[in-house]
Structures are given as C-alpha cells and as structure tokens.
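So the structure is just underneath, and the comments pick up after that.
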DNA sequence: CTTTATATGTGAAACTTCTCACATAAATGC
DNA sequence: GCATTTATGTGAGAAGTTTCACATATAAAG
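Chains as they are written, first to last, in this note's numbering: chain X, 11 to 248; chain A, 11 to 248.
In structure tokens:
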C-alpha cells in the first residue's frame with residue numbers, strides 16, 4: 011500500500027476554486043480608472059477611453075460590460091456616474107458590509123488600520139486574537155478573544171472574515187469561523203485551506219506575489235528573455 | 011473636440027499586462043502542498059495526490075509540469091525533493107534576491123517585518139520613506155530618505171521593489187524607481203501605474219480582494235445564487 | 001427634419017487553455 | 001526474466017476566452 015492512498019483518506023477533498031474570473035477582475039480595473047477620471051472632472055467615457063487607460067482592448071471592455079449587463083448609449087458612450095452606480099450595485103456597496111478580522115499580528119494590525127476598507131463601505135466591526143495582551147482597542151477597533159466570535163458574528167450579521175493568523179493555526183481558525191456562520195474568507199496565511207464547497211476563499215499570498223515578479227524579472231534579464239517574456243505577456247494583467 | 015481626445019494625448023499608453031499566467035500560479039499552489047507534505051514526511055507524490063490536494067485535475071498537474079519542463083518517473087511518480095528543487099530553480103531561489111520597500115506606513119511596516127520573505131530568500135535590504143521621523147531602524151531594517159535610493163539600489167544590485175506608499179505619490183515614486191534601475195514592482199497602492207513595457211508590475215489591491223469575496227457571498231445568498239455560482243466557479247482558484 | 005458620423009452590442013471566427021485518452025515507461029509480482 | 005499493473009507525458013479534441021466585424025442606435029450637423 012502506497013502512502014498516497016493513506017493521504018487520500020486523511021484529507022477532505024480540497025475545494026479551492028478560482029473565485030474571481032478575469033472579466034470581474036477587469037471590472038475592478040475599469041472602476042479604478044473611472045474613479046480617477048471622475049476626480050478629474052470627466053463625465054463621459056467611451057470603451058476605447060477605458061481601453062487605453064487599462065491596456066485592455068475596447069472590444070473587451072464592451073464585452074465585459076455586456077456580460078454584467080452594464081449598458082451605455084450608442085454613439086454617446088458611457089456616463090461615468092451611471093457606470094460607477096452599476097458597479098456599486100454589482101459589489102453590493104449600497105449597503106454596508108460588516109467584516110471581522112482574525113489575527114492582530116503585524117499584518118492584521120496594518121489591515122485593521124487600512125482606511126480604504128471603510129471608504130468602500132467595508133467595516134471591520136471587530137478583530138480577534140488569542141493573545142490576551144492584544145485585547146485592547148488598537149486602531150479604534152476592539153480586539154476580542156476568540157470566544158466572543160459567535161456573539162459578534164451574530165450581532166453584526168457578519169458573513170466575511172479576513173484571516174491574518176500564523177499558518178499553523180489558519181485551518182483551525184477557519185473551521186471555527188465556518189461553524190459560526192462565516193461564508194467568505196480573505197486568507198493571508200500561506201496555506202491552502204480546506205473548506206466546504208459553499209465557502210468562498212480568496213487567497214492572498216504575499217510571498218507568491220513577490221516571487222512571481224522576481225521570476226519575470228529574471229526571465230527578462232536572460233539573452234533571449236524578451237521574446238519569451240512577450241509570449242508570457244500576451245495577456246493583460248487584470 | 012471631445013474630452014477623450016485630449017485624454018489620449020495626456021496619458022502615456024497604459025501597459026498593465028497579466029504577469030502571472032495561470033499555469034505559473036498553479037506551480038505556486040503545488041509548491042505550497044509539497045512543502046506541507048514534505049513536513050509530514052512524505053517523499054513521493056503522484057499527479058493525482060497533488061490534484062486532490064489542490065483541487066486541480068491530475069491531467070492539469072502533469073501538463074503544467076510538462077510546460078515548465080519538470081519531469082517525473084513513469085509509474086514511479088514524482089520525488090518531492092526533486093520537484094521542490096526544480097521549482098526553486100524556476101523562481102531563482104538558489105541565489106538571494108535583494109528587494110527594497112518604499113513607504114513605511116502601517117502596511118509597509120508590516121511587510122518589512124514579514125518573516126516569510128527571508129525564509130524564501132527574498133531580503134528587504136532597505137526601506138524608504140519621505141517622512142524623516144520614520145528614518146530609524148524599525149523591525150531591524152534601516153529606513154532611509156528617498157535620496158539614498160540610487161546608492162542602495164546600486165550597492166545591492168536591487169531589481170525589485172515593493173511599493174506601499176499612498177496612492178497620491180505612487181506614480182511619482184514609481185517613475186523614480188524605474189529611473190534608478192528597478193524593473194519589477196509589487197504595487198500595493200490602489201492605482202494603475204504607468205510604466206514602460208519592459209517593467210513588470212504586479213498589483214495587489216486589498217480592497218478588491220475583499221470586495222470580490224463579498225460579491226460572491228452575496229451571489230450565494232440569492233435564491234438561484236448557487237447555480238450562478240457554480241457557473242462562475244467552474245474554474246480553479248490558483 | 002434628414003443625413004452623416006460614430007460608438008455600442010453581439011454573433012462568428014480565431015485563439016488559448018483545459019480535458020481526454022492512450023502510447024510509453026518503469027516498478028511490482030509471479 | 002516475463003507479464004502485469006499503473007503512472008507519466010503528450011497529441012487531439014473540447015471548452016472557454018478574446019478578437020473581429022458589422023448591424024444598430026443615436027448624437028450632431030446641415
């Protein structure tokens with residue numbers, strides 16, 4: 011009997027889907043542009059304006075909008091406020107979203123202070139840490155012990171959590187979060203979490219992000235690097 | 011004359027390519043698994059072991075290895091150490107990679123303390139901030155003023171930078187980094203940076219990561235949500 | 001009010017990525 | 001040492017994504 015057969019039975023089947031399809035990622039990209047253009051006083055955009063700004067083709071922009079049922083005005087282009095409204099609705103930004111943050115280490119602390127979340131109607135209502143020395147208000151948001159998790163999740167109807175705990179406890183904490191009703195997690199621990207299929211996991215691996223840049227920078231420095239790079243580069247970064 | 015025509019001339023064409031193709035992202039995924047399995051004392055894996063662990067199909071695993079010229083043993087599977095060696099080479103982890111970090115706000119500080127970078131041979135040799143009050147050693151890494159950037163980049167032959175500055179100064183700092191020889195940037199500012207085509211940009215947008223989870227959680231809660239979700243979910247998260 | 005110019009929206013074609021299926025190689029058993 | 005089993009590696013086919021091209025709508029101009 012091989013060891014892999016044992017492994018099969020020890021582990022629950024991994025469910026790590028790609029939660030963000032490319033077209034949705036591009037919507038984020040377009041929105042970033044639109045916000046900037048709006049600040050500059052622009053009121054109307056055309057598919058090729060956004061295309062130029064984001065490095066996507068104008069066909070792609072229109073197809074993407076079409077997919078999410080965002081429509082413009084033939085010959086007249088798109089109204090920036092209309093577009094932004096549509097996107098707000100898409101991301102449910104009309105209502106506030108309550109979030110919990112688990113793990114108040116360096117990264118957790120930084121995330122709890124990240125002001126952009128609030129600007130985008132995502133409120134971290136409480137943070138949690140097993141270390142009792144961290145149980146005080148830092149950065150204006152209370153830090154609780156894990157045994158108050160259920161209470162807070164219920165009171166604020168929290169569905170989404172940010173996980174910034176050490177990798178060693180990530181799975182354990184995830185299991186507890188799901189037991190208490192969390193259905194979506196942004197995971198900063200460099201671990202592949204095992205979760206039931208209905209739970210949404212979005213992994214953000216800081217090392218991987220850096221390493222992939224290093225990979226392409228090295229590739230670029232090779233003699234025939236640029237050709238190789240162009241090949242790998244033919245798609246857009248969303 | 012329409013405003014978009016003006017815009018075309020004001021802005022340099024955006025070059026934001028997708029720097030990480032899916033197969034490469036999956037390689038990171040496989041490696042995360044392999045590291046864990048190795049810690050558990052496993053020495054050999056088969057494509058379907060990795061497949062089960064990562065939620066990818068076994069065909070995909072083999073195809074991916076094939077693409078990066080990583081080969082196993084027919085009938086014998088893959089040796090974990092061999093695989094990891096291959097991946098180290100792929101990411102140039104045999105040699106050390108010197109990195110600079112710009113912006114020592116909350117996030118920058120957290121990143122400068124992130125121990126995983128060092129474990130993976132990515133050394134932040136110096137950090138920079140415009141605020142002179144931050145010019146002291148925090149977290150063991152020196153904090154310099156921006157006018158020492160060139161000196162440090164040259165001395166440590168730095169090619170890659172982490173950008174954790176406010177969005178307002180992100181473009182300006184980027185221009186300076188590129189002038190001083192940086193060719194790869196992990197950008198945490200929620201801005202689409204304009205860079206020459208040979209410069210690698212990897213954007214990490216924390217709000218977008220959270221919002222995309224919220225998007226799918228809401229989708230799931232709708233009546234017919236699950237069907238929709240399954241459709242969007244058919245691909246894997248790499 | 002009619003004409004013209006131009007930007008959208010979308011099927012169809014081209015291209016890319018993934019899955020399937022099987023030939024091939026190597027370990028195991030007899 | 002031969003037969004058998006089983007996992008890899010890879011063309012071929014399927015599925016998905018992007019680009020193309022044009023019909024359609026509408027703003028602007030005459």
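The beta-carbon is built from N, C-alpha and C at its ideal position, and this holds for glycine as well. Note that this is a predicted model, so its numbers are computed, not measured.
Contacts of residue i in chain A (Cβ-Cβ under 7 Å)
i: residue 251 of chain X; result: Missing from the structure shown is residue 251 of chain X; chain X here goes from 11 to 248 and no further.
i: residue 193 of chain X; result: 227, 230
Distance CB(residue i)-CB(residue j) smaller than 8 Å
i: residue 221 of chain A; j: residue 130 of chain X; result: yes
i: residue 180 of chain A; j: residue 159 of chain A; result: no
i: residue 52 of chain A; j: residue 107 of chain A; result: no
i: residue 148 of chain A; j: residue 173 of chain A; result: no
i: residue 293 of chain A; j: residue 90 of chain A; result: Any property of residue 293 of chain A remains undetermined from this structure, which presents chain A solely from 11 to 248.
i: residue 200 of chain X; j: residue 215 of chain X; result: yes
i: residue 101 of chain A; j: residue 225 of chain X; result: yes
i: residue 9 of chain A; j: residue 205 of chain A; result: No answer is possible for residue 9 of chain A: it lies beyond the span of chain A, which begins at 11 and ends at 248.
i: residue 217 of chain A; j: residue 56 of chain X; result: no
i: residue 227 of chain A; j: residue 210 of chain X; result: yes
i: residue 122 of chain A; j: residue 151 of chain A; result: yes
i: residue 44 of chain A; j: residue 64 of chain A; result: no
i: residue 74 of chain X; j: residue 37 of chain X; result: yes
i: residue 154 of chain X; j: residue 163 of chain X; result: no
i: residue 230 of chain X; j: residue 208 of chain A; result: yes
Neighbouring residues, chain X, relative to residue i (Cβ below 7 Å)
i: residue 228 of chain A; result: 102
i: residue 159 of chain A; result: Result: empty, since nearest Cβ-Cβ is about 18 Å, beyond 7 Å.
Chain A contact residues for residue i, given Cβ-Cβ distances below 8 Å
i: residue 196 of chain X; result: 219, 220, 223
i: residue 107 of chain X; result: 224
i: residue 44 of chain X; result: Within 8 Å Cβ-Cβ: nothing; residue 44 of chain X doesn't reach chain A, min ~11 Å.
Chain-ordered chain A contacts of residue i [CB-CB under 9 Å]
i: residue 199 of chain X; result: Neighbours of residue 199 of chain X on chain A: none; closest Cβ ~10 Å, over 9 Å.
i: residue 49 of chain X; result: Near residue 49 of chain X there are no residues of chain A at all, since even the closest Cβ is about 11 Å away, more than 9 Å.
Under 9 Å by beta carbon: chain X residues contacting residue i
i: residue 38 of chain A; result: 215, 217, 218, 221, 222
i: residue 94 of chain A; result: Neighbours of residue 94 of chain A on chain X: none; closest Cβ ~14 Å, over 9 Å.
Neighbouring residues, chain X, relative to residue i (Cβ below 8 Å)
i: residue 187 of chain A; result: Within 8 Å Cβ-Cβ: nothing; residue 187 of chain A doesn't reach chain X, min ~13 Å.
Minimum length 4: unbroken alpha helix (DSSP H) runs contained in the region 147-210 of chain A: 159-165, 177-189
Length-filtered (3 minimum) beta strand (DSSP E) runs lying within the region 107-140 of chain X: 107-112, 132-138
Contact set between the region 164-185 of chain X and chain A, restricted to residues whose Cβ is under 8 Å from the partner: Residues passing the 8 Å Cβ filter: 169, 170, 172.
Inter-stretch contact at 8 Å, needing at least 3 Cβ pairs: the region 110-124 of chain A / the region 136-145 of chain A: yes
Interface residues of the region 208-224 of chain A facing chain X [CB-CB below 8 Å]: 208, 210, 211, 212, 213, 214, 215, 216, 217, 218, 219, 220, 221, 222, 223, 224
Sufficient close CB pairs (3 or more, under 8 Å) joining the region 185-204 of chain X to the region 139-152 of chain X: no
Members of the region 117-148 of chain A near chain X, C-beta cut-off 9 Å: Against chain X - using a Cβ distance shorter than 9 Å - the residues of the region 117-148 of chain A are 117, 118, 119, 120, 121, 122, 123, 124, 126, 127, 129, 130, 132.
Ranges of the alpha helix (DSSP H) found wholly within the region 39-100 of chain X, counting only runs of at least 4: Here the runs fully enclosed are 57-64, 68-77, 90-100.
The region 77-97 of chain X touching the region 182-189 of chain X, judged by at least three CB pairs closer than 8 Å: no
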